[in-house]
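Only one structure is covered here, and it is reproduced in the block below.
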Amino acid sequence: MTRRRSPHLPSQGSGLGTAAPFVPQLGDLATDSAREDRVGVVVALPGEGSATTYHLRPPGGGTQWSAPADGTTLRPVPVKATHATLLAGRDAVYDPRARQGSVPVEFHFDDGSTLNGALILTTAELERLYAQTSRLLDAHERALGGTS
């Protein structure tokens, strides 16, 4: 995996698993389930100065609000995938027992980070992908003035 840290979650490292608790830090983006999943930037932490709760403010500015000091209503804002590309240097594999193909891909996220994964395709999906990529190659040839 080649995932870089996300600027959305500066306090969360790339090695954390899905079971790791979210402990917001200053500057983190968080959704607050007590506020209809409103997104805010953490601007004050419980125990710092006079704060007894988390304080959040909308990312573009605005009125801040408080969230419980235990952080139970706060969740990290997920980074969105923008696209996937074929992973260089690795080839697709077909598993006859599972009747599936696996194509190594790299997922790209809107924060610039990447993550290696696999596109798993059933036989029917492989046939559909073959037909679609064949049409793309034919269109490419026509655009170059080929004879397809």
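Letter by letter, the sequence shown follows residues 1 to 148 of UniProt numbering. Ideal placement from N, C-alpha and C gives every residue a C-beta, glycine not left out. If you're wondering where the values come from, they're calculated on a predicted model, not measured in any experiment.
1. What are the boundary residues of the beta strand (DSSP E) that ALA84 is part of?
2. How far does the alpha helix (DSSP H) with ALA20 in it reach, from first residue to last?
3. If you compare alpha carbons, which of GLY47, GLU106, SER33 and PRO21 is closest to THR82?
4. Kindly indicate if chain D contains any beta-carbon less than 7 Å away from that of GLY49.
5. On the CB-based measure, 16 or more other CB atoms within 10 Å of its CB, does HIS140 come out buried or exposed?
6. Between VAL39 and TYR130, what straight-line distance do the alpha-carbon atoms span, to the nearest angstrom?
7. Any idea if ASP91 is buried or exposed, counting beta-carbon neighbours within 10 angstroms, 16 or more meaning buried?
8. So, helix, strand or coil for THR133, using DSSP?
9. Flag this pair as yes or no: are the beta carbons of LEU74 and ALA30 separated by less than 7 Å?
10. Can you say whether ALA67 is buried or exposed, counting buried as having 16 or more other CB atoms within 10 angstroms of its CB?
11. Do you know how far the Cα of THR133 is from the Cα of LYS80?
12. What residues in its chain sit with their C-beta under 7 Å from that of ASP100, if we drop five residues either side in the sequence?
The relevant details are as follows:
1. ALA84: member of the beta strand (DSSP E) spanning 81-86, first to last residue.
2. Per DSSP, ALA20 lies in no alpha helix (DSSP H) segment and is marked neither H nor E.
3. Put simply, of GLY47, GLU106, SER33 and PRO21 the residue whose alpha carbon is nearest the alpha carbon of THR82 is GLU106.
4. The structure shown contains no chain D; it is built from a single protein chain.
5. By the 10 Å Cβ count, HIS140 comes out exposed.
6. Taking the straight line joining both Cα atoms gives about 41 Å.
7. ASP91 is exposed by the Cβ-count criterion.
8. Shown here, THR133 sits in a helix according to DSSP, grouped into three states.
9. Going by C-beta atoms, LEU74 is nearer than 7 Å to ALA30.
10. Per the 10 Å Cβ criterion, buried.
11. Roughly 26 Å separates the two Cα atoms.
12. For clarity, residue 100 is Gln in the given sequence; the question names Asp instead. So the qualifying residues of the chain are ILE120, LEU121 and THR122.
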